[in-house]
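Notes follow the structure.
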Amino acid sequence: MSDDPGREGEGEIAAAADERWPLVALLREHGRGDLKWLGLGSATSAGSQFLSNIDMLIIGLAFDAMFNDEPYALFLVPDAWIPADPAGQLLFTVALLAGIKVIDMGLAIFSLWALFLFGQRTIHRIRVAVYDDVQRLDAGFFDDQRTGEVMSVLNNDVNSLEESLTQGPNLAVFATTTVVSSLLYMLILNWQLALLSLGFVPIIAVVNWWFSRQHEQRNDEVREETGVVNALLETNVSGVSTVKAFGGERYETGRVRDASDAQREASWYAHVVGVLHQPSMRLLAGAAFVLTLFVGTEWVLDERFWLFAGTITAGELIPFLYYTQQLAQPMRFLAWVTGLYKAGKAAAKRVLGLRRLSPPREDGDHVLENPRGAVEFDDVTFGYDADEDTDPVIRDVSVDVEPGETVGLVGHTGAGKSTLLKLLLAYYEPDEGRITVDGHDLQDVSRSSLRQSIGYVRQDPFLFSGTVRENIAYGLDDPADGDSTVTDDEIVAAAREAGAHAFITELDDGYDTEVGQRGTRLSGGQRQRIALARVLLTDPAMFVFDEATSHVDNRTEVLIQRSLDRLTAEKTTFVVAHRLSTVRNADRILVLDDGEIGERGTHDELLERDGTYADLWKVQVGELEAD
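Under the working numbering, the first residue of the sequence shown is numbered 47, with each subsequent residue one higher.
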């Protein structure tokens, strides 16, 4: 391991998104169908806030009319509707406010529902689209990017987007409408005092902008450091047995501590910015309130040395001061909204970056239907780091495989055997040359149809959390609608062919036994046999076995091999093996040496040639010393 894993490629995901407005880009792609709910929710929220904020204006004007004999006039309300006597004015005011509150409640409920619907539907589409993109990325992407960083985007960043999209619009509309309605009502009450109060707005705006910039930068740093920590934890937890075997617990704990310290420091600076943001807004808003209170009271008292003295009444000053406070409240909310926006923007940048960092190649249009299994490698050269000055892993490989032929691939570790099979499965694309199936270049073939035509068993098979039955039937059961195209008898038959039925029936719950995360409740050999049964059940046109029986004992291997020989008799089959007995009966054996085909032929032909294959055979059967 490197001294600082998790930092390789740090920031690459975020840097891959060059959008100036990443949130807008995501909404344009995934929220277009529900923008109507955003519009309706925003409009009704604004209407609700205008109504909610008008009550103090009505109360102030009513008090002046009832106690100071001032005219009782309301815009949009005909004067004839307003009683002349104080008792009637009181009843009218109460009835008017009650009606306004009922309408306000209806608008508020609808707006919250509409904005929540918009946020949830949009984030659902984003989450599914990002996961789908990750699944369709070329295998090379996962060689370069650590799983922890990808999971950080899928979990942390998508969750931040959810918070931004579900809470942000409602808070933004609330804050904006409160400011606009408060300013409007302040201008209606006394435009001179309103202009005086607004003198603080530019100062508040500048301070808010500065804090917002700091908040965005710190949020980006926190997310990058969180990705580093997640990547390190993912790697270490997955390799915990290796860590223990080498006594590396203290070393790994130290690395996690260092990464966590960096994340904690970044979070601390982000927190300091957030802590100072809102109190600063409150301080400036409080200063505006105190000045307004002093000047407004002087004007009510009609002190002649003040310009505009006597232009405001006590009944008007009280709601005016209320609106001054209302004007300050959204400033505090704006800090929250700004934080949500900045966090959402940083998350959107990484989500877009993940989608654009390594875009998958265009899928081919040709669909393989009942392929015969003719495979050709035509001068294929491939390297994992094609852009760097490194030697290729596969060099100038050419081979024609006839339908139904079994080809064994052998060679020393690192010779390129597994890589050759991954090229056939289109996990990677050749740097030079081409690969064809039934004469069709793999670049022109639909990858899904290609992989459905090939049964692939890896040396380290992956089992999903679930039952033995579910793992064997994976790919044939449709989780979307619960339908299954496979019967229990077929599952058992596949398990028998793979040599798995005997041990499965000995498990506590048989085929309904939970295998645990990644199949950890089963041994390596048991996992391998279940994976083999899973492939046999699909009855593919071709088979690819990459050390498919490496974890089973010799007796079990013989039984499984007999089944495989019968099942693959008329199907094209590629077998990678270190145990040469596995490929002894192959129609052709390719001996790879440093990415090239050094020898080819049948088992007997290669023994007669007395080359690399013969040496490997002698080592395994114990004849080397005898020679």
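C-beta atoms are modelled at their ideal positions from N, C-alpha and C, and glycine is treated no differently.
Taking DSSP's pairing of strands, which residues face Tyr502 in a bridge? Your numbering for residue 502 matches position 456 in the sequence shown. For Tyr502, the pairing in a beta bridge is given by DSSP as Val590.
With DSSP as the reference, label Asp442 as helix, strand or coil. Reading the sequence shown from its first residue, position 396 is the one you call residue 442. Strand at Asp442.
Is the beta carbon of Phe428 less than 9 Å from the beta carbon of Ser326? As a first step, residue 428 must be located in the sequence shown, where it is residue number 382. As a first step, residue 326 must be located in the sequence shown, where it is residue number 280. No, Cβ-Cβ distance for Phe428 and Ser326 is not below 9 Å.
Could you name the residues that DSSP lists as bridge partners for Glu560? Counting from one through the sequence shown, the residue named residue 560 turns up at place 514. Bridge pairing for Glu560: Thr513 [DSSP].
Of the residues Leu509, Val268, Arg303 and Phe379, the one placed nearest His323, counting alpha carbons only: Position 277 of the sequence shown holds residue 323. Minimum Cα distance to His323 is reached at Phe379.
Express the C-alpha separation of Thr90 and Ala154 in angstroms, rounding to a whole number. In the sequence shown, counting from the first residue as 1, residue 154 sits at position 108. In the sequence shown, counting from the first residue as 1, residue 90 sits at position 44. Straight through space, the alpha carbons of Thr90 and Ala154 are spaced by roughly 7 Å.
Exposed or buried, Thr168, counting other C-beta atoms within 10 Å across all chains shown (16 or more means buried)? For this step, residue 168 is matched to residue 122 along the sequence shown. By the 16-neighbour rule on beta-carbons within 10 angstroms, Thr168 is buried.
Straight-line gap, Leu107 to Leu230 (C-alpha atoms, nearest Å): Numbered from its first residue, the sequence shown carries residue 107 at position 61. Numbered from its first residue, the sequence shown carries residue 230 at position 184. About 15 Å.
Please confirm whether Leu455 and Ile635 have their CB atoms less than 9 Å apart. On the sequence shown, position 409 is the one that residue 455 refers to. On the sequence shown, position 589 is the one that residue 635 refers to. By the CB criterion at 9 Å, Leu455 and Ile635 fall inside the cutoff.
Using the beta-carbon count (16 or more within 10 Å), is Thr288 buried or exposed? Numbered from its first residue, the sequence shown carries residue 288 at position 242. Counting Cβ neighbours within 10 Å, Thr288 comes out exposed, since fewer than 16 surround it.
One question on the structure: do Ile104 and Leu235 come within less than 9 Å of each other, judged by their Cβ atoms? As a first step, residue 104 is located in the sequence shown; it is residue number 58 there, counting from the start. As a first step, residue 235 is located in the sequence shown; it is residue number 189 there, counting from the start. No, these two residues do not count as a Cβ contact at 9 Å.
What does the Cβ neighbour count give for Thr566, buried or exposed, with the cut at 16 atoms within 10 Å? Counting from one through the sequence shown, the residue named residue 566 turns up at place 520. Exposed is the call here.
Run through DSSP, which three-state label would Thr658 get? Looking up residue 658 in the sequence shown gives position 612. Helix.
Flag this pair as touching only if the region 538-550 and the region 485-493 have three or more C-beta atom pairs under 8 Å; answer yes or no. The region 538-550 vs the region 485-493: no contact.
If you check the beta carbons only, do Leu200 and Tyr177 fall under 9 Å apart? Along the sequence shown, read from residue 1 onward, the residue named residue 200 stands at position 154. Along the sequence shown, read from residue 1 onward, the residue named residue 177 stands at position 131. Yes; because the gap between Cβ atoms is below 9 Å, this pair is in contact.
Quick one: what does DSSP say Glu478 is sitting in, helix, strand or coil? If you number the sequence shown from 1, residue 478 lands on position 432. Here DSSP, grouped into helix, strand and coil, assigns Glu478 to strand.
Using DSSP's beta-bridge definition, name the partner residues of Ile643. The sequence position of residue 643 within the sequence shown is 597, counting from 1. In the DSSP secondary-structure assignment, Ile643 is bridged to Leu638.
When you compare the region 260-273 with the region 303-312, are there three or more beta-carbon pairs, one atom per stretch, that lie closer than 8 Å? Contact between the region 260-273 and the region 303-312 is present: 3 or more CB-CB pairs across the two stretches fall below 8 Å.
Cutoff 6 Å; reference Pro129; Cβ partners in own chain excluding five residues on either side: As a position in the sequence shown, residue 129 is number 83, starting the count at 1. So the list reads Gln135 and Phe138, once near-sequence residues are dropped.
Among the residues of its own chain, which have a CB less than 7 Å from the CB of Glu645, if the five just before and after it don't count? As a first step, residue 645 is located in the sequence shown; it is residue number 599 there, counting from the start. Val637, Leu652, Arg655, Gly657, Thr658 and Tyr659.
Exposure label - Asp677; buried when at least 16 CB within 10 Å: Summary: the structure shown does not reach residue 677, with the chain confined to residues 47 through 673, and so no result is reported for it.
List in chain order: all unbroken alpha helix (DSSP H) runs of 4+ residues lying wholly within the region 222-248. Whole alpha helix (DSSP H) segments, 4+ residues: 237-243.
Is the CB-CB distance between Tyr473 and Asp592 below 9 Å? For the purposes of this step, residue 473 is taken as residue 427 along the sequence shown, with counting starting at 1. For the purposes of this step, residue 592 is taken as residue 546 along the sequence shown, with counting starting at 1. In this structure, Asp592 does not lie closer than 9 Å to Tyr473 by Cβ.
Cβ-Cβ separation, Gly419 to Thr618 (assumed contact under 8 Å), whole Å: One-based indexing of the sequence shown puts residue 618 at position 572. One-based indexing of the sequence shown puts residue 419 at position 373. Correct: roughly 3 Å between the Cβ atoms.
Leu8, DSSP secondary structure in three states: Residue numbering for the chain in the displayed model covers 47 to 673; residue 8 lies beyond these limits and cannot be assessed.
Could you check what DSSP says for Phe292 in three-state terms: helix, strand or coil? As a first step, residue 292 is located in the sequence shown; it is residue number 246 there, counting from the start. The answer is coil: DSSP assigns Phe292 none of H, G, I, E or B.
Round the Cβ separation of Ala461 and Asp639 to the nearest angstrom and send it over; I've been treating them as touching at under 8 Å. Here residue 461 is taken as the residue at index 415 of the sequence shown, counted from 1. Here residue 639 is taken as the residue at index 593 of the sequence shown, counted from 1. Indeed they touch by this definition, with Cβ atoms about 6 Å apart.
Flag this pair as yes or no: are the beta carbons of Leu84 and Leu161 separated by less than 9 Å? Residue mapping note: residue 84 aligns to position 38 of the sequence shown, counting from 1. Residue mapping note: residue 161 aligns to position 115 of the sequence shown, counting from 1. Leu84 places its beta carbon less than 9 Å from that of Leu161.
Rounded to whole angstroms, what is the Cα-Cα separation between Thr343 and Gly332? For the purposes of this step, residue 343 is identified with residue 297 of the sequence shown, where counting begins at 1. For the purposes of this step, residue 332 is identified with residue 286 of the sequence shown, where counting begins at 1. Approximately 16 Å between the Cα atoms of the pair.
Work out the CA separation of Arg580 and Asp477 for me, nearest whole Å. On the sequence shown, position 431 is the one that residue 477 refers to. On the sequence shown, position 534 is the one that residue 580 refers to. Going by the C-alpha atoms only, they are around 32 Å apart.
Assign Asp411 to one of two classes, buried (16 or more other C-beta atoms within 10 Å of its C-beta) or exposed (fewer than that). Reading the sequence shown from its first residue, position 365 is the one you call residue 411. Looking at its Cβ environment, which holds fewer than 16 other Cβ atoms inside 10 Å, Asp411 is exposed.
Span separating the alpha-carbon of Thr272 from that of Ser198: What you label residue 272 is simply residue 226 of the sequence shown in a count that begins at 1. What you label residue 198 is simply residue 152 of the sequence shown in a count that begins at 1. Cα-Cα distance, rounded: 7 Å.
Are the Cβ atoms of Leu363 and Val383 separated by less than 9 Å? To locate residue 363, count along the sequence shown from 1; it is residue 317. To locate residue 383, count along the sequence shown from 1; it is residue 337. The answer is no: Cβ separation not under 9 Å.
Buried versus exposed call for Pro68 [16 or more other C-beta atoms within 10 Å across all chains shown]: For this step, residue 68 is matched to residue 22 along the sequence shown. By the Cβ-count criterion, Pro68 is buried, with 16 or more other Cβ atoms from all chains shown falling within 10 Å of its own Cβ.
For Gly457, report the span of its beta strand (DSSP E) as first-last. Mapped onto the sequence shown, residue 457 falls at position 411. Here the beta strand (DSSP E) through Gly457 covers Thr452 to Gly457.
Could you check whether Ser210 and Gly390 sit closer than 9 Å to each other, using their CB atoms as the reference points? Counted from its first residue, the sequence shown places residue 390 at position 344. Counted from its first residue, the sequence shown places residue 210 at position 164. Gly390 places its beta carbon less than 9 Å from that of Ser210.
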